[in-house]
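Here is the structure we will look at.
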Amino acid sequence: MISRSRAILAVAVVFSLKAVPANAMADHDSTSIVATIDRFHAALGAADSGAIRSLLADDVIVLESGSLETRAEYLSHHLGGDIEFARAVPSLRKLVRVNRSGSTAWVTSTSITTGNFKGRAINSNGTELMVLTKLNGKWKIRAIHWSSARRQPAAPAN
Numbered sequence: 006m007i008s009r010s011r012a013i014l015a016v017a018v019v020f021s022l023k024a025v026p027a028n029a030m031a032d033h034d035s036t037s038i039v040a041t042i043d044r045f046h047a048a049l050g051a052a053d054s055g056a057i058r059s060l061l062a063d064d065v066i067v068l069e070s071g072s073l074e075t076r077a078e079y080l081s082h083h084l085g086g087d088i089e090f091a092r093a094v095p096s097l098r099k100l101v102r103v104n105r106s107g108s109t110a111w112v113t114s115t116s117i118t119t120g121n122f123k124g125r126a127i128n129s130n131g132t133e134l135m136v137l138t139k140l141n142g143k144w145k146i147r148a149i150h151w152s153s154a155r156r157q158p159a160a161p162a163n
């Protein structure tokens, strides 16, 4: 008869062996998810609207400045401004968190954007939430939410 502690240990070993491939897959998927978002931002900076189109799902929703845009609306009149801004004003993005449940992922990041755009000084903190789903083996962006606020000046040193 197997002792209770040996049975528990055997079950733990079995579950840990099954978890290794799942974790490896999760790490690969996390890398692919982040790479999809990185390609989107790189395409904005390169004015590559074709790459941007390929990364957006057909039913993508873009939320920014209190507005909601469909894919067609975003591509027809907002994308050009985002490309122009991304090319003119450097932004330092920082990944905060990647979450995944099945074929859905949501990624949060922050950014600091400083520079000049059309004669206006830009100095802002930003947040980004992207929701992606895996379609036909590729991660597609299903929703984007951007929010930004003017950065507060640093407090004077005492």
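Under the working numbering, think of the first position of the sequence shown as 6, with each following residue one higher. For each residue, glycine too, the CB sits at the ideal point set by N, CA and C.
Which residues share a DSSP beta bridge with residue i?
| i | result |
| --- | --- |
| Ala110 | Arg105 and Leu137 |
| Arg98 | Ser116 |
| Ala154 | Asn130 |
| Arg125 | Phe122 |
| Thr41 | Thr41 pairs with nothing; no bridge assigned. |
| Thr75 | Ile66 |
Going straight from the alpha carbon of residue i to that of residue j, what length do you get?
| i | j | result |
| --- | --- | --- |
| Arg105 | Thr115 | 19 Å |
| Ala51 | Ile88 | 8 Å |
| Asn128 | Ser152 | 14 Å |
| Thr5 | Leu80 | Residue 5 falls outside the range modelled here, since the chain spans only 6 to 163, and no answer is possible. |
| Phe45 | Leu100 | 14 Å |
| Val136 | Val94 | 25 Å |
| Gly86 | Gly55 | 16 Å |
| Ser35 | Lys145 | 13 Å |
| Ala27 | Asp43 | Because the pLDDT of Ala27 is 35, which lies under 50, any placement of that residue in the model is unreliable, and the number read from its coordinates should be weighed accordingly. The alpha-carbon atoms of Ala27 and Asp43 are separated by roughly 24 Å. |
| Ile117 | Pro158 | 13 Å |
| His82 | Arg102 | 30 Å |
| Ile66 | Ala162 | 44 Å |
| Arg76 | Lys123 | 26 Å |
| Gly71 | Leu49 | 21 Å |
Secondary structure at residue i, three-state DSSP: helix, strand or coil?
| i | result |
| --- | --- |
| Met30 | Here Met30 scores only 41 on pLDDT, less than 50, and its place in the model should not be relied on; the value that follows carries that caveat. DSSP places Met30 in helix when its eight states are reduced to three. |
| Ala63 | The displayed chain sequence assigns Asp, not Ala, to residue 63. Correct three-state label for Asp63: strand. |
| Ser70 | coil |
| Ala52 | coil |
| Ala148 | strand |
Candidates the options: which alpha carbon is nearest residue i's?
| i | options | result |
| --- | --- | --- |
| Ser37 | Ser108, Gly86 and Glu78 | Ser108 |
| Glu133 | Ile117, Phe122, Asn141 and Thr113 | Thr113 |
| Ala40 | Gly55, Leu60 and Ser54 | Leu60 |
| Asn130 | Asn141, Val103, Trp111 and Leu97 | Leu97 |
| Asp64 | Phe90, Arg147 and Lys123 | Arg147 |
| Asn121 | Gly71, Ala110 and Ala91 | Ala91 |
| Ala62 | Arg102, Lys143, Ala154 and Arg156 | Lys143 |
| Asn126 | Glu74, Leu73, Arg155 and Gly71 | It is Ala, not Asn, that sits at residue 126 in the sequence shown. Comparing Cα positions, the closest option is Arg155. |
| Arg33 | Ile149, Lys139, Gln157 and Pro161 | Just to set this straight, residue 33 is His in the shown sequence, not Arg. Among Ile149, Lys139, Gln157 and Pro161, the Cα nearest to that of His33 is on Lys139. |
| Ala110 | Leu68, Arg58, Ile149 and Glu69 | Ile149 |
| Leu68 | Asp53, Leu84 and Arg58 | Leu84 |
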